[in-house]
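Encoded as structure tokens, the structure appears first; notes follow it.
Protein chains in written order, with the working numbering: chain A, 30 to 310; chain B, 3 to 409.
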């Protein structure tokens, strides 16, 4: 078992326009209005880079920027773990289509964007972070795998670690064999010790599979959780949004579950400052 | 705290209890060390795919015919076939089974790397799309072939392991970074042992992709040569069983003493020209191992034979180690095995330590006169006890490993 602390959250998904704006929805205090994912311009990307960037990069940099703003921490000194169930579906589809055509000339940019760690590469360039960075895949369980790697790294290295999990949809024909519900990304800033920005402590425990995993009470959010691997994070985010003690159970591989004992840290409430107002300018 | 130490807490060493490798040099330890000693390259003109350009590749024979059948048939693709060959040779699966008996299947993790996964299978499926609907062939198994996690799921299933698992996919640094993941998981008590390593196989995406980037040689690659013209792609698999050192190990056991990771924060497909990220990775690996640069007997370079990459690495190596530490790239033997190169070259280093051999660099004729590090062209018999192995990838992902003889 490991205990880590969460001090920043970023979120971007359908009808989930950022962590601050989504907290009431996740806590069940406000309706969820499903709408196509709107990716805000990340302050980390200059305007010309923003236009050229692929969607996985735009999503990752948007949620990463939000989480670090909530944490009040600069990203350049923080290690990162990226997790995605399938990387950039559009890019791989374009490559595969060209290779199946008579003229097999690939675009060099498209090729280097096809690697699973493309968002990590752009994140490093944008934040000037020369810190360790890993990029993982664990199919449907990529968020849990990323959280495990990030929590272990924070604990063993005694350093803050940011987790950025994201998924985008595949175009046809790959979407027939791998349907993904929506574009969604989530970011968490983990620390080994509580800082004055800590939102919650989380004890993480891997268990042999037994019992049910946590679901979202609201049907539209539960549909999102089931259809989009990165949205498997939603029950954890809901616990953070409710500021309740909760045990969140996530799927991890066929034979395990990941139990997360979430205990909110109420320091900011004691100060009379709500989470959504704490984002530094 | 200096910048190197900041991301490199001293690391408890791990034993490489067993390892397995397969490249175009051959299958298993004996063929691999024989080829390294003989200076025999596995590169040959590309027969794998009809290409509108010249290139050499390190292709592995037999992958077209050794299909995965029965219950596991859904995993059948070139990458998993190669992984199966590597797991089944040299008694590797038996060593894992023994570890499973010692620790229990839930206590052994699988942290493996790949960049291609089963992409070749998807390339073929795209050529066989239904002409009217555009659909993929009905037997296409996305999760068990194309998806990047496929390899870890396959390894975990074949070896009957139940511990934590994921695939690391950080381009050409992937199977070096998995050693770091395993070391942390074991240090945190999440598992007692781990199977690390990975596989990457030839496919059109990498052949046409590297060609499009203008970094692929029209000849066998010549790392660190004054006239180097780019990379040769190879395919390979390498797996390593790691656990805490114990009385089961002996003086010739190779230990993972340090892992150092960094990011270039510079460019998606070009290294920092002064090798700043490369140097940081090596510094952090040495700090984790608690060793000074002067303690290192050999450096297995990333050395892919691109003009820019080799120059940056030479810069970083000379800055850190000076002009005395022997170094070479083994890409001239195996080609650049992309995501598999970290594990493959860690195994080359482990064999070098166990067989007292310092590998050379076939095809490299004239070392670039502008380079300052001590590049070794001819392999030679030498007692090497402590080595550094470098792996650098797209996206500026860097990882260096320190491997040492146990005693």
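Beta carbons are placed, not taken as given, at the ideal position from N, Cα and C, and that holds for glycine. Note that the structure is a prediction, hence the values are computed from the model and not measured.
Per-residue DSSP class, three states only, for residue i
i: residue 307 of chain B; result: coil
i: residue 148 of chain B; result: helix
i: residue 299 of chain A; result: Residue placement at residue 299 of chain A cannot be trusted, given a pLDDT of 38 that sits under 50; what the coordinates show is reported in the next sentence. Of the three classes helix, strand and coil, the one that applies to residue 299 of chain A here is helix, per DSSP.
i: residue 410 of chain B; result: Residue 410 of chain B lies beyond the residue range present for chain B, which begins at 3 and ends at 409; the question has no answer from this structure.
i: residue 274 of chain B; result: coil
i: residue 270 of chain A; result: helix
i: residue 260 of chain A; result: helix
i: residue 359 of chain B; result: strand
i: residue 73 of chain A; result: coil
i: residue 285 of chain A; result: strand
i: residue 416 of chain B; result: The shown model of chain B, from 3 to 409, leaves out residue 416 of chain B, and the question about it has no answer.
i: residue 45 of chain B; result: coil
i: residue 12 of chain B; result: coil
i: residue 141 of chain A; result: helix
i: residue 385 of chain B; result: coil
i: residue 20 of chain B; result: strand
i: residue 163 of chain A; result: strand
i: residue 401 of chain B; result: strand
i: residue 278 of chain A; result: strand
i: residue 267 of chain B; result: coil
i: residue 328 of chain B; result: strand
Under 8 Å by beta carbon: chain B residues contacting residue i
i: residue 182 of chain A; result: 186
i: residue 94 of chain A; result: Neighbours of residue 94 of chain A on chain B: none; closest Cβ ~16 Å, over 8 Å.
i: residue 158 of chain A; result: 265 and 267
Where residue i meets chain A, residues with beta-carbon distance less than 9 Å
i: residue 270 of chain B; result: 138, 141, 142, 144, 147, 150, 151 and 154
i: residue 207 of chain B; result: 121, 124, 125, 128, 135, 140 and 143
i: residue 108 of chain B; result: 235, 237, 284 and 285
i: residue 300 of chain B; result: Under the 9 Å cutoff, chain A gives no residues; its nearest Cβ is about 24 Å from residue 300 of chain B.
Cα-Cα separation, residue i to residue j
i: residue 309 of chain B; j: residue 102 of chain B; result: 46 Å
i: residue 332 of chain B; j: residue 351 of chain B; result: 10 Å
i: residue 175 of chain A; j: residue 369 of chain B; result: 42 Å
i: residue 97 of chain B; j: residue 239 of chain B; result: 17 Å
i: residue 283 of chain B; j: residue 219 of chain B; result: 27 Å
i: residue 237 of chain B; j: residue 285 of chain A; result: 33 Å
i: residue 84 of chain A; j: residue 269 of chain A; result: 27 Å
i: residue 304 of chain A; j: residue 49 of chain A; result: Only weak support exists for where residue 304 of chain A lies, its pLDDT of 42 falling under 50; the coordinates are left without a value.
i: residue 119 of chain A; j: residue 161 of chain A; result: 27 Å
i: residue 309 of chain A; j: residue 53 of chain A; result: In this prediction, residue 309 of chain A has a pLDDT of 38, which is less than 50 and means its spatial position is unreliable; nothing more can be read from the coordinates.
i: residue 247 of chain B; j: residue 77 of chain B; result: 34 Å
i: residue 36 of chain A; j: residue 67 of chain B; result: 53 Å
i: residue 289 of chain A; j: residue 232 of chain A; result: 5 Å
i: residue 104 of chain B; j: residue 364 of chain B; result: 42 Å
i: residue 107 of chain A; j: residue 272 of chain A; result: 26 Å
i: residue 358 of chain B; j: residue 237 of chain A; result: 44 Å
i: residue 135 of chain A; j: residue 128 of chain B; result: 15 Å
i: residue 1 of chain B; j: residue 152 of chain B; result: Outside the displayed range of chain B (3 to 409) lies residue 1 of chain B, so it cannot be described from this structure.
i: residue 18 of chain B; j: residue 243 of chain B; result: 6 Å
i: residue 140 of chain A; j: residue 183 of chain A; result: 32 Å
i: residue 376 of chain B; j: residue 225 of chain B; result: 13 Å
Amino acids of chain B, ordered along the chain, whose beta-carbon sits closer than 9 Å to that of residue i
i: residue 31 of chain A; result: 190, 191 and 192
i: residue 116 of chain A; result: 150 and 171
Beta-carbon neighbours of residue i, restricted to chain B and to distances below 7 Å
i: residue 206 of chain A; result: 138, 142 and 144
i: residue 202 of chain A; result: 131, 136, 137 and 138
i: residue 162 of chain A; result: 265 and 399
i: residue 185 of chain A; result: 186, 189 and 190
Where residue i meets chain A, residues with beta-carbon distance less than 8 Å
i: residue 166 of chain B; result: 174, 177, 235, 281, 282 and 285
i: residue 125 of chain B; result: 125, 128 and 129
i: residue 117 of chain B; result: 144 and 145
For residue j and residue i, believed in contact at Cβ under 8 Å, the rounded distance
i: residue 387 of chain B; j: residue 394 of chain B; result: Wrong, their Cβ atoms sit about 25 Å apart, outside the cutoff.
i: residue 168 of chain B; j: residue 85 of chain B; result: 15 Å between Cβ atoms; not a contact.
i: residue 150 of chain B; j: residue 204 of chain A; result: Contact flag wrong, Cβ pair sits at about 17 Å.
i: residue 342 of chain B; j: residue 177 of chain B; result: 6 Å
i: residue 199 of chain A; j: residue 115 of chain A; result: 7 Å
i: residue 148 of chain A; j: residue 68 of chain A; result: About 12 Å; that fails the 8 Å criterion.
i: residue 211 of chain A; j: residue 193 of chain A; result: Going by Cβ atoms, the distance from residue 211 of chain A to residue 193 of chain A rounds to 17 Å, so no, they are not a contact pair.
i: residue 129 of chain A; j: residue 136 of chain B; result: At roughly 11 Å, the Cβ-Cβ gap does not stay under 8 Å, so residue 129 of chain A and residue 136 of chain B are not in contact.
i: residue 336 of chain B; j: residue 60 of chain B; result: 5 Å
Closer than 7 Å at the beta carbon, the chain A residues around residue i
i: residue 220 of chain B; result: The premise fails here: residue 220 of chain B is roughly 17 Å from chain A at the closest Cβ pair, so nothing lies under 7 Å.
i: residue 151 of chain B; result: 166, 167 and 168
Worksheet item: In chain order, which beta strand (DSSP E) runs of at least 3 residues are fully inside the stretch 107–149 of chain B?
Response: 110–115
Fill in: Every unbroken alpha helix (DSSP H) inside the stretch 200–250 of chain A [4 residues or more]
203–206
Item to complete: Scan the stretch 172–227 of chain B and note each continuous beta strand (DSSP E) run of 3 residues or more that stays entirely inside, going in chain order.
Response: 195–202
Practice prompt. Starting from the N-terminal side, write out each stretch of the alpha helix (DSSP H) that is 4 residues or longer and does not extend beyond the stretch 58–116 of chain B.
Written response: 80–90 and 94–105
Fill in: Runs of beta strand (DSSP E) lying entirely within the stretch 97–125 of chain A, each at least 3 residues, in chain order
108–113
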